[in-house]
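Undergrad: Numbering (my numbering), first residue to last: 185 to 461.
Where is the CB? At the ideal position from N, CA and C, for every residue including glycine.
Below is a structure I'd like to ask you about.
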Amino acid sequence: MILDINNEECKNEIMLWAKAKGLLLAKTHKMPTFSNAFVIRNKEELNSIKDQLPEKFCMRADYRLGNNAVKVKGQNGTKRIIESYLESAKNADEAAAILVYYGDKFYESYNTDGAFYVDFNVKNAVYIDYVGKGFDGRGISNGVAFHETFSIPWDEVQFFQESKMEKYRTKLIKPEEYLVQRELRINSLIKEDLGNNMQEKAKREFLETKIPKEYKPISHGRMQEIKDKIIFPLMNAKDLQYQYKEYIAMCNIEYGEIRVAEIYRSERHLNKEYNIR
Numbered sequence: 185m186i187l188d189i190n191n192e193e194c195k196n197e198i199m200l201w202a203k204a205k206g207l208l209l210a211k212t213h214k215m216p217t218f219s220n221a222f223v224i225r226n227k228e229e230l231n232s233i234k235d236q237l238p239e240k241f242c243m244r245a246d247y248r249l250g251n252n253a254v255k256v257k258g259q260n261g262t263k264r265i266i267e268s269y270l271e272s273a274k275n276a277d278e279a280a281a282i283l284v285y286y287g288d289k290f291y292e293s294y295n296t297d298g299a300f301y302v303d304f305n306v307k308n309a310v311y312i313d314y315v316g317k318g319f320d321g322r323g324i325s326n327g328v329a330f331h332e333t334f335s336i337p338w339d340e341v342q343f344f345q346e347s348k349m350e351k352y353r354t355k356l357i358k359p360e361e362y363l364v365q366r367e368l369r370i371n372s373l374i375k376e377d378l379g380n381n382m383q384e385k386a387k388r389e390f391l392e393t394k395i396p397k398e399y400k401p402i403s404h405g406r407m408q409e410i411k412d413k414i415i416f417p418l419m420n421a422k423d424l425q426y427q428y429k430e431y432i433a434m435c436n437i438e439y440g441e442i443r444v445a446e447i448y449r450s451e452r453h454l455n456k457e458y459n460i461r
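Laid out in structure tokens, this is it:
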């Protein structure tokens, strides 16, 4: 049986898969996340679900907790390429699966309104790492893009007010630094298939219109939304605090709405400490 995040009978098995568990934790804790997700372990399961998939969706190679990560990058998916993506994951690790997820709307990563990670370092602090419009969470994960960062001591989180957020800001990118990161972002996106058979020159011209030339700092309204939808609910997640010393809500902002792709935990990687600072 294919593992469906909306099927109660599947949840114990889903909790055994590294990335799928992170998405299920987001859903369990009522985070604003994706409405549909499946763990596809073989071609038979893929064929059983393929017809109901939308035109575009997100795909990530997944692996069972306790195994090494599968070295296949996540990407946007279509029905035409999903089978070859599953094969790539299986070629990397025969025990691998793919996690497919989507919501009511699909967004291209260059169309984001920004992205951010909220890092709950239990009993120590809550850290926020934020990037602006046209960027996604990959830059944060890879340590190459931080436009604004905040550090809130753990015992002050419950009193945190967005109107005083500058008190907790630890970084605001300089214009010249932002332009370097913007160029890196455009160069990275040029390597991807942007559709319409665009060549490199056309891609660059297109992306120049999508990635702003200036970084606009996070607004008080957006910070309030992060506080109300992410920080306060997960500060009260006693089950996560009991099990993990640190957990991270990985979020993109799509069509103006926050979407939590995963609650990351260190158990996702063997013999590796995850540190985005």
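Among residues of its own chain, excluding the 5 on either side of Ile437, which ones have a beta-carbon nearer than 7 Å to its beta-carbon?
TA: Thr296, Asp297, Gly298 and Ala299.
Undergrad: Within its chain, find whatever has a CB closer than 8 Å to the CB of Lys240; leave out the 5 residues flanking it on each side and keep chain order.
TA: Result list for Lys240: Asn260, Gly261, Thr262, Tyr286 and Phe290, in chain order.
Undergrad: Helix, strand or coil for Thr212 per DSSP?
TA: In this structure, Thr212 counts as helix in the three-state DSSP scheme.
Undergrad: Tell me, to the nearest whole angstrom, how far the beta carbon of Leu270 is from that of Leu209; I am working on the premise that it is less than 8 Å.
TA: With a Cβ gap of about 24 Å, Leu270 and Leu209 do not count as contacting.
Undergrad: Would you check whether the ligand ADP has a heavy atom nearer than 7 Å to the C-beta of Phe222?
TA: You won't find the ligand ADP in this model; it holds no ligand whatsoever.
Undergrad: Decide if Glu193 is buried, meaning its Cβ has at least 16 other Cβ atoms within 10 Å, or exposed.
TA: Exposed.
Undergrad: Is Asp288 closer than 8 Å to Ser335 when the C-beta atoms are compared?
TA: Taking 8 Å as the Cβ cut-off, Ser335 and Asp288 do not qualify as a contacting pair.
Undergrad: Please list, in chain order, all residues of the same chain as His213 whose beta carbon is under 7 Å from its beta carbon, the five residues on each side excluded.
TA: So the qualifying residues of the chain are Pro417, Leu418 and Ala421.
Undergrad: Buried or exposed, going by whether 16 or more other CB atoms sit within 10 Å of the CB of Glu278?
TA: By the neighbour-count rule (16 or more Cβ atoms within 10 Å), Glu278 is not buried but exposed.
Undergrad: Starting from Met185 and walking both ways along the beta strand (DSSP E), at which residues does that stretch end?
TA: No beta strand (DSSP E) holds Met185; DSSP gives it neither H nor E.
Undergrad: Within 10 angstroms of its Cβ, does Asp412 collect 16 or more other Cβ (buried), or is it exposed?
TA: Counting Cβ neighbours within 10 Å, Asp412 comes out exposed, since fewer than 16 surround it.
Undergrad: So the candidates are Asn191, Gln427, Ser450 and Ile402; which of them puts its Cα closest to the Cα of Gly440?
TA: It is Ile402 whose Cα lies nearest to the Cα of Gly440.
Undergrad: Identify the continuous alpha helix (DSSP H) that holds Leu249 and give its terminal residues.
TA: Looking at the DSSP string, Leu249 is not in any alpha helix (DSSP H), and its letter there is neither H nor E.
Undergrad: What does the Cβ neighbour count give for Met243, buried or exposed, with the cut at 16 atoms within 10 Å?
TA: Buried, by the Cβ-count rule.
Undergrad: Mind checking which residues open and close the alpha helix (DSSP H) that includes Phe390?
TA: Per DSSP, Phe390 belongs to the alpha helix (DSSP H) from Glu384 to Glu392.
Undergrad: Tell me the residue span of the beta strand (DSSP E) that contains Tyr285.
TA: First-last of the beta strand (DSSP E) with Tyr285: Ala281 to Tyr286.
Undergrad: Going by beta carbon distance, what residues of the same chain come within less than 6 Å of Leu424, once the five residues before and after it are set aside?
TA: For Leu424, where only same-chain residues beyond five positions count, the Cβ hits under 6 Å are Tyr431.
Undergrad: Give the C-beta separation of Tyr448 and Gly206 to the nearest angstrom, bearing in mind that I take them to be a contact with Cβ-Cβ under 8 Å.
TA: Contact flag correct, Cβ pair sits at about 6 Å.
Undergrad: Got a sec? Which residues, its chain only, sit under 6 Å from Arg461 by beta carbon, not counting five neighbours each side?
TA: Low per-residue confidence applies at Arg461: pLDDT is 43, beneath 50, and the placement is therefore not dependable enough to give any value.
Undergrad: Looking only at C-alpha atoms, which of Leu373, His331, Lys375 and Asn371 sits nearest to Glu360?
TA: Looking at the Cα atoms, His331 is the closest of the given residues.
Undergrad: Between which two residues does the beta strand (DSSP E) harbouring Ile447 extend?
TA: That run of the beta strand (DSSP E) goes Glu441 to Arg449.
Undergrad: Can you give me the Cβ contacts of Arg452 inside the same chain, cut-off strictly under 6 Å, excluding the 5 residues immediately before and after it?
TA: Correct list, in chain order: Ala202.
Undergrad: Rounding to the nearest angstrom, what Cα-Cα distance links Asn160 and Ile370 in this structure?
TA: Shown here, the chain extends from 185 to 461; a query on residue 160 therefore has no answer.
Undergrad: Are the CB atoms of Glu384 and Ile374 nearer to each other than 8 Å?
TA: Yes.
Undergrad: List, from N- to C-terminal side, the alpha helix (DSSP H) runs of 4 residues or more that fit wholly inside the stretch 311 to 386.
TA: For the stretch 311 to 386, whole alpha helix (DSSP H) runs of length 4 or above, ordered along the chain, are 321 to 325 and 359 to 374.
Undergrad: Just to confirm my understanding: we take Met199, look at its own chain, exclude 5 residues before and 5 after, and list those with CB closer than 7 Å. What are they?
TA: Answer for Met199: Lys205 and Leu208, listed in chain order.
Undergrad: For Leu249 and Glu446, I'd like the C-alpha separation in whole angstroms.
TA: Roughly 15 Å between the two C-alpha positions.
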